[in-house]
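**Student:** After the structure tokens below, expect a handful of questions from me.
Number of protein chains: 2
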Amino acid sequence: MADMDSKHIVIIGGVAGGASAAARARRHSETARITVIERGPDVSFANCGLPYHIGGEISDRDELALQTPDSLRQLLNLEVLTLTEATAIDPNARSVTLRSLSDGTESSIGYDQLILSPGASPLRPPIPGIDNERILTLRNLEDMDRIMSAMPETRKVGIVGGGFIGLEMAEQLAHLGKEVVLVELQPQVLPQLDAEMVRPLQRELRHHGVELILGDGINGFARSDSGVVAQLGSGRSVECDLVILSIGVRPESDLARAAGIELGPRGHITVDSFQRTSAPDVYAVGDVCESPDPLVGGHVGIALGGPANRQGRTAADHIFLGDRALPYPGSIGTSIVRVFGLEAGVTGASEKRLSAAGIRYKAVTVNGPSHASYFPGAETITLKLLWSPEDGRILGGEAVGRDGVDKRLDVLATAIRGRLTIDDLVHLELAYAPPFGSAKDVINTAGFAATNIRDGFLVPVQTLEEAKGHVIVDVRPAAAAAALPVPDSVNIPLPSLRSRLGEIDKSKPVYTVCQMGKTSYFAARILANHGYDARSILGGAHHQAPRPND
Amino acid sequence: MADMDSKHIVIIGGVAGGASAAARARRHSETARITVIERGPDVSFANCGLPYHIGGEISDRDELALQTPDSLRQLLNLEVLTLTEATAIDPNARSVTLRSLSDGTESSIGYDQLILSPGASPLRPPIPGIDNERILTLRNLEDMDRIMSAMPETRKVGIVGGGFIGLEMAEQLAHLGKEVVLVELQPQVLPQLDAEMVRPLQRELRHHGVELILGDGINGFARSDSGVVAQLGSGRSVECDLVILSIGVRPESDLARAAGIELGPRGHITVDSFQRTSAPDVYAVGDVCESPDPLVGGHVGIALGGPANRQGRTAADHIFLGDRALPYPGSIGTSIVRVFGLEAGVTGASEKRLSAAGIRYKAVTVNGPSHASYFPGAETITLKLLWSPEDGRILGGEAVGRDGVDKRLDVLATAIRGRLTIDDLVHLELAYAPPFGSAKDVINTAGFAATNIRDGFLVPVQTLEEAKGHVIVDVRPAAAAAALPVPDSVNIPLPSLRSRLGEIDKSKPVYTVCQMGKTSYFAARILANHGYDARSILGGAHHQAPRPND
Numbered sequence: 001m002a003d004m005d006s007k008h009i010v011i012i013g014g015v016a017g018g019a020s021a022a023a024r025a026r027r028h029s030e031t032a033r034i035t036v037i038e039r040g041p042d043v044s045f046a047n048c049g050l051p052y053h054i055g056g057e058i059s060d061r062d063e064l065a066l067q068t069p070d071s072l073r074q075l076l077n078l079e080v081l082t083l084t085e086a087t088a089i090d091p092n093a094r095s096v097t098l099r100s101l102s103d104g105t106e107s108s109i110g111y112d113q114l115i116l117s118p119g120a121s122p123l124r125p126p127i128p129g130i131d132n133e134r135i136l137t138l139r140n141l142e143d144m145d146r147i148m149s150a151m152p153e154t155r156k157v158g159i160v161g162g163g164f165i166g167l168e169m170a171e172q173l174a175h176l177g178k179e180v181v182l183v184e185l186q187p188q189v190l191p192q193l194d195a196e197m198v199r200p201l202q203r204e205l206r207h208h209g210v211e212l213i214l215g216d217g218i219n220g221f222a223r224s225d226s227g228v229v230a231q232l233g234s235g236r237s238v239e240c241d242l243v244i245l246s247i248g249v250r251p252e253s254d255l256a257r258a259a260g261i262e263l264g265p266r267g268h269i270t271v272d273s274f275q276r277t278s279a280p281d282v283y284a285v286g287d288v289c290e291s292p293d294p295l296v297g298g299h300v301g302i303a304l305g306g307p308a309n310r311q312g313r314t315a316a317d318h319i320f321l322g323d324r325a326l327p328y329p330g331s332i333g334t335s336i337v338r339v340f341g342l343e344a345g346v347t348g349a350s351e352k353r354l355s356a357a358g359i360r361y362k363a364v365t366v367n368g369p370s371h372a373s374y375f376p377g378a379e380t381i382t383l384k385l386l387w388s389p390e391d392g393r394i395l396g397g398e399a400v401g402r403d404g405v406d407k408r409l410d411v412l413a414t415a416i417r418g419r420l421t422i423d424d425l426v427h428l429e430l431a432y433a434p435p436f437g438s439a440k441d442v443i444n445t446a447g448f449a450a451t452n453i454r455d456g457f458l459v460p461v462q463t464l465e466e467a468k469g470h471v472i473v474d475v476r477p478a479a480a481a482a483a484l485p486v487p488d489s490v491n492i493p494l495p496s497l498r499s500r501l502g503e504i505d506k507s508k509p510v511y512t513v514c515q516m517g518k519t520s521y522f523a524a525r526i527l528a529n530h531g532y533d534a535r536s537i538l539g540g541a542h543h544q545a546p547r548p549n550d
Numbered sequence: 001m002a003d004m005d006s007k008h009i010v011i012i013g014g015v016a017g018g019a020s021a022a023a024r025a026r027r028h029s030e031t032a033r034i035t036v037i038e039r040g041p042d043v044s045f046a047n048c049g050l051p052y053h054i055g056g057e058i059s060d061r062d063e064l065a066l067q068t069p070d071s072l073r074q075l076l077n078l079e080v081l082t083l084t085e086a087t088a089i090d091p092n093a094r095s096v097t098l099r100s101l102s103d104g105t106e107s108s109i110g111y112d113q114l115i116l117s118p119g120a121s122p123l124r125p126p127i128p129g130i131d132n133e134r135i136l137t138l139r140n141l142e143d144m145d146r147i148m149s150a151m152p153e154t155r156k157v158g159i160v161g162g163g164f165i166g167l168e169m170a171e172q173l174a175h176l177g178k179e180v181v182l183v184e185l186q187p188q189v190l191p192q193l194d195a196e197m198v199r200p201l202q203r204e205l206r207h208h209g210v211e212l213i214l215g216d217g218i219n220g221f222a223r224s225d226s227g228v229v230a231q232l233g234s235g236r237s238v239e240c241d242l243v244i245l246s247i248g249v250r251p252e253s254d255l256a257r258a259a260g261i262e263l264g265p266r267g268h269i270t271v272d273s274f275q276r277t278s279a280p281d282v283y284a285v286g287d288v289c290e291s292p293d294p295l296v297g298g299h300v301g302i303a304l305g306g307p308a309n310r311q312g313r314t315a316a317d318h319i320f321l322g323d324r325a326l327p328y329p330g331s332i333g334t335s336i337v338r339v340f341g342l343e344a345g346v347t348g349a350s351e352k353r354l355s356a357a358g359i360r361y362k363a364v365t366v367n368g369p370s371h372a373s374y375f376p377g378a379e380t381i382t383l384k385l386l387w388s389p390e391d392g393r394i395l396g397g398e399a400v401g402r403d404g405v406d407k408r409l410d411v412l413a414t415a416i417r418g419r420l421t422i423d424d425l426v427h428l429e430l431a432y433a434p435p436f437g438s439a440k441d442v443i444n445t446a447g448f449a450a451t452n453i454r455d456g457f458l459v460p461v462q463t464l465e466e467a468k469g470h471v472i473v474d475v476r477p478a479a480a481a482a483a484l485p486v487p488d489s490v491n492i493p494l495p496s497l498r499s500r501l502g503e504i505d506k507s508k509p510v511y512t513v514c515q516m517g518k519t520s521y522f523a524a525r526i527l528a529n530h531g532y533d534a535r536s537i538l539g540g541a542h543h544q545a546p547r548p549n550d
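Taken in order, these protein sequences are the chains called A and B. The opening position of the first sequence corresponds to residue 1 in full-length UniProt numbering, with each subsequent residue numbered one higher. The opening position of the second sequence corresponds to residue 1 in full-length UniProt numbering, with each subsequent residue numbered one higher.
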């Protein structure tokens, strides 16, 4: 190993994937020379924590510095060059041209292996008025500091983009007492999820005073006395003291492109399962590269910390172990966000995504308690499950609720990895004690509902909309039905259904509805077993067609 | 289906498995006659909630009655006979003899299919003095009421048995301000888990004033002025006002045995994967029956609510669907308990169990934060992973900590169901945002450690005990090493390890230790790469050999 150990590994980018690669490489070898090139002043900081320091939830800025250049030198014996930009790669000469951002001097560094981990930069589209010091993005500690120093004279903030960072910023800025308006081009926040699953988030945001403008984009910005005026596609304009742009990121692949390294259709670096690029001994990890999508096929760019860290580890393993290294299996995009009291997330493919890819799927949405309903603190989780009608394999899941959403997403992520089917969910044996779960967890319930659909015991209807014009029987107790009435329905509470069958026309399809989608299933079974063509409206009345401002 | 639908299904036992079977049967048929026989006055109550009502955490007793005989009649059109005991089964005549517990009258009822769901009764061994109205067990609402009505004149409670119910009762009674002493025959509480994993629980119990007497059994009981004196095997005696026996349960299989139905070695009813017993058209579900153990092989009696409910559903499905029903896949014994601020549980096989079964395994214990360590509220989770050295398949997991233990157990339970390996855990893509997880979750960390062991990068040592007499290098910062010193170790903090290698004898094995088992691994890699025979002590110094009273 002497020969191998004297190699020089150069890593461009010292956060997440780059830092993981460096650490793992050092565990493989004490004698390898490992150099980390970082454009910024900081390495290995907690970029996912930035919004929470702005909002004060993480009070100590030092908490965000997971490592410093000095600690990396000391712990991992790395050479760390901060404030240093890589300006060119020569794959034939195996060298990288560097420029010092402090004094502008140029130099060049040779490598045996090169790992690219430059990340992705926040999009800043070239629209009129974008060059305004009051329009900020959030990627690193410097960006964070900039936003924080603007806070004292900021009363109203416009956030453009309702993805994960946009929502986290909205929450944190509202915590700081700022007036927040969030503009999203799509007709929903969190476009990774299906529209009906984010409605509770939208209600929660509005409930906490965040103004939502959905389905509207930015045409340009103007300056005003007090700050920025965002001019929307709809003609509306929004004046605020500060704008935070969080409309997505763009892989920092210009350097790779210039070196002739192969890129994918959206500008990500193409890699194989050991994170190798098209150039020999050049690897790419993290937000800059694409990952195979094991569910939908093709490749996706996933800008998330977990995949970046594990891709970094994979590249380092391959450098030292060759093809004995464990390949990176692709990313299924498991992600989650907290928005005030709500938690929402997704794993695998959404309905939207499967539709777009032309993949056949079935979907069901169920509600269940976060733990035993008779134990204090139980909260309702709404869980959407997507599976393949061919073999029952789980393709994706989405969840929203006030507690325990992360756990159900993790179970589904693991189920997807294990290629589990809806039958497997029926009998998944999860940890149950009243403070933690239910004898039949909402995950089991999703399995019950999905297999009931497959086996013909449940004929589901996604929304009340689809039932419009048909016979709708609301089987909730009279009080509940009166409190949130379902239009054009007849209320026959479940306990009296058998004795009041005479009131329901047997010659037409009957749609049953309740609060959560469970009692309506029970009712539909009674009706079906009495010869009715009965369908149950999933998700219940609390998933009614969007109300104004929903 | 007319013929099929006119069948009469008789269910003995109206809680959990029996209630689930009845509900599922009714969804299959509106015309089937379904009769539920229940010895007690209540059906379908939340037996897992009983301790929490005693302790006041569930304040409303009505919360525990999930259904009443009347609600079952109304919602499911069942015939419900409470306070009625089944005294004999005649599988040839397909009839059950009943006795009313209110008036003693006998009758008989015919069945097309019979489902046995009588449960299991708390063990009450025939030891001297056991017949004492102050020695109680907890199985149903009546038992609960009895314990609660004894509370006002109870100052000190002896709990015999440190399993799930014993621990829950200890916690709840301590909440009520009672003096609690817990006696367990095994040298540890929660014998389902491995000894080192429950040490934090034992500390937590003692910290909250629960006196623990481990490795000591009950020889008998005597009466005293104020209550009961438990006479222990050690010769010690413990006086208390009330004793709660929670030393395990015994399947209520006498009725089945008398009917010639096949039982397993520990008295459970033997069933196939559709819950069929050896008698035609007789099913058994829940605590009374055995389940196949898909990991260790053979059969196990698992007295848990989740399996009972799903077995009930399986039996009902088989009655109506025959072999098209989804078979019950066996139970892996996933379970969890909350003990004051701690959570602990297991899924799959423990080390103890694998050893006893002669199954080869590897084990690793890792520590990791419940969510991003830089985000407020992160708590350390200790996770033990067991896997097969043949194919890396996960055989079991145990976890203990103050938060997020249920989530990690559920992930491992799902991984076991999916036959995932330690390689799969490395790349499991779990939901990450700072409030919920880490970019490298403790589950990933367990995968890292396990694959590092397999690949020879980590030579693990389970406990400090094994390092005794060897060279031990404590790589923690000097202050941490001084605060909780490791005997006979030399302290060389990790950052100075490379420069102080000269102090470590290269001719002998070197054992590295730190607080949590991570830095010691980093140190061992440095040493190994410098030619040392280096081993890392798993779990770190906070898993030191038991201290007195630990």
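We treat Cβ as the ideally placed atom computed from N, Cα and C, and that holds for glycine. Treat the numbers as computed from the prediction; the structure is a model and nothing was measured.
In the structure shown, what three-state DSSP assignment does A357 (chain B) receive?
**Tutor:** It is helical.
**Student:** With 16 as the cutoff for other CB atoms within 10 Å, does R360 (chain A) come out buried or exposed?
**Tutor:** Flag for R360 (chain A) reads exposed.
**Student:** What would DSSP say about F164 (chain B), mapped onto helix, strand or coil?
**Tutor:** If DSSP states are grouped into helix, strand and coil, F164 (chain B) belongs with the helices.
**Student:** Assign K407 (chain B) to one of two classes, buried (16 or more other C-beta atoms within 10 Å of its C-beta) or exposed (fewer than that).
**Tutor:** Classification of K407 (chain B): buried, given that the 10 Å Cβ count is 16 or more.
**Student:** Under 8 Å between beta-carbons, which chain B residues line up against L141 (chain A)? List them in chain order, please.
**Tutor:** Neighbours of L141 (chain A) on chain B: none; closest Cβ ~13 Å, over 8 Å.
**Student:** Using three-state DSSP, classify T414 (chain A) as helix, strand or coil.
**Tutor:** In the structure shown, T414 (chain A) sits in a helix (DSSP, three-state: H, G or I).
**Student:** Say whether the region 428-438 of chain A touches the region 37-55 of chain B, bearing in mind that this needs 3 or more beta-carbon pairs closer than 8 Å, one atom from each stretch.
**Tutor:** Counting Cβ pairs under 8 Å, three or more are found: they touch.
**Student:** Take Q330 (chain A) as the anchor and find which of A:A523, A:G286, A:A450 and A:E351 has the nearest alpha-carbon.
**Tutor:** According to the sequence as given, residue 330 (chain A) is Gly; it is not Gln. Of the listed residues, the one whose Cα sits closest to G330 (chain A) is A:G286.
**Student:** Taking 8 Å as the limit between beta carbons, can you name the residues of its chain near R187 (chain B), skipping five residues before and five after?
**Tutor:** Contrary to the premise, residue 187 (chain B) reads as Pro rather than Arg in this sequence. Counting only Cβ-Cβ distances below 8 Å, and skipping sequence neighbours, we find A195, L214 and G215.
**Student:** What is the DSSP secondary structure of F45 (chain A), counted as helix, strand or coil?
**Tutor:** Here F45 (chain A) sits in strand by DSSP.
**Student:** Could you say which of B:P125, B:A170, B:D441 and B:V490 lies nearest to P307 (chain A) if we only look at CA atoms?
**Tutor:** When only C-alpha atoms are compared, the closest one is B:D441.
**Student:** Within the region 72-101 of chain B, note down every full beta strand (DSSP E) run reaching 3 residues or more, in order along the chain.
**Tutor:** Qualifying beta strand (DSSP E) stretches, in chain order: 79-81, 84-90 and 95-100.
**Student:** In the DSSP assignment, find the unbroken beta strand (DSSP E) run with N491 (chain B) in it and report its ends.
**Tutor:** Residues S489 to N491.
**Student:** DSSP state of P546 (chain A), grouped into three classes?
**Tutor:** The predicted position of P546 (chain A) is uncertain, since its pLDDT is 43 and thus under 50; a value taken from the coordinates is nonetheless stated next. Coil.
**Student:** Do E248 (chain A) and L123 (chain A) have their CB atoms nearer than 8 Å?
**Tutor:** A small fix is needed here, since residue 248 (chain A) is Gly in this sequence, not Glu. Contact flag set, yes.
**Student:** Helix, strand or coil for P251 (chain B), going by three-state DSSP, please let me know.
**Tutor:** If DSSP states are grouped into helix, strand and coil, P251 (chain B) belongs with the strands.
**Student:** On the DSSP bridge list, what partners appear for K440 (chain B)?
**Tutor:** None, per the DSSP bridge assignment.
**Student:** Considering Cα atoms alone, identify which of B:D317, B:R476, B:D391 and B:A541 is closest to A21 (chain B).
**Tutor:** Checked all of B:D317, B:R476, B:D391 and B:A541; the closest Cα to A21 (chain B) is B:D317.
**Student:** Helix, strand or coil: which one does DSSP assign to I482 (chain A)?
**Tutor:** One point to set straight first is that residue 482 (chain A) is Ala, not Ile, in the sequence displayed. Here A482 (chain A) sits in helix by DSSP.
**Student:** Contact criterion: CB-CB distance below 8 Å. Does K362 (chain B) meet it with respect to chain A?
**Tutor:** Answer no: the Cβ-Cβ gap between K362 (chain B) and chain A never drops below 8 Å.
**Student:** Should I381 (chain B) and V405 (chain B) be called a contact, given that it needs their Cβ atoms to be closer than 8 Å?
**Tutor:** Yes, these two residues count as a Cβ contact at 8 Å.
**Student:** Can you check whether the C-beta of S507 (chain A) is within less than 8 Å of a C-beta belonging to chain B?
**Tutor:** No, because no Cβ of chain B sits closer than 8 Å to the Cβ of S507 (chain A).
**Student:** Using only alpha-carbon positions, find the residue among B:A528, B:I453, B:H530 and B:Y374 that is nearest to S59 (chain A).
**Tutor:** The residue with the shortest Cα to Cα distance from S59 (chain A) is B:Y374.
**Student:** Which residues of chain A have a Cβ atom closer than 8 Å to the Cβ of Q74 (chain B), listed in chain order?
**Tutor:** Result: P495.
**Student:** Need the endpoints of the beta strand (DSSP E) that L367 (chain A) sits in, please.
**Tutor:** Contrary to the premise, residue 367 (chain A) reads as Asn rather than Leu in this sequence. Run containing N367 (chain A): K362 to P369, per the beta strand (DSSP E) assignment.
**Student:** Report the three-state DSSP secondary structure of A120 (chain B) (helix, strand or coil).
**Tutor:** It is a strand residue.
**Student:** In the region 433-444 of chain A, which residues sit with their C-beta less than 9 Å from some C-beta in chain B, listed in chain order?
**Tutor:** Going along the region 433-444 of chain A in chain order, one finds A433, P434, P435, F436, G437, S438, A439, K440, D441, I443 and N444 with a Cβ nearer than 9 Å to chain B.
**Student:** Within the present structure, is the beta-carbon of A259 (chain B) separated from the nearest heavy atom of the ligand GDP by less than 7 Å?
**Tutor:** Within the structure as shown, the ligand GDP is missing, as the structure has no ligands at all.
**Student:** Starting from the beta carbon of A46 (chain B), find every residue of chain A whose beta carbon is closer than 8 Å, and list them in chain order.
**Tutor:** Result: A372, Y374 and P434.
**Student:** Closer than 8 Å, CB to CB, is residue 620 (chain B) near chain A or not?
**Tutor:** Summary: the structure shown does not reach residue 620 (chain B), with chain B confined to residues 1 through 550, and so no result is reported for it.
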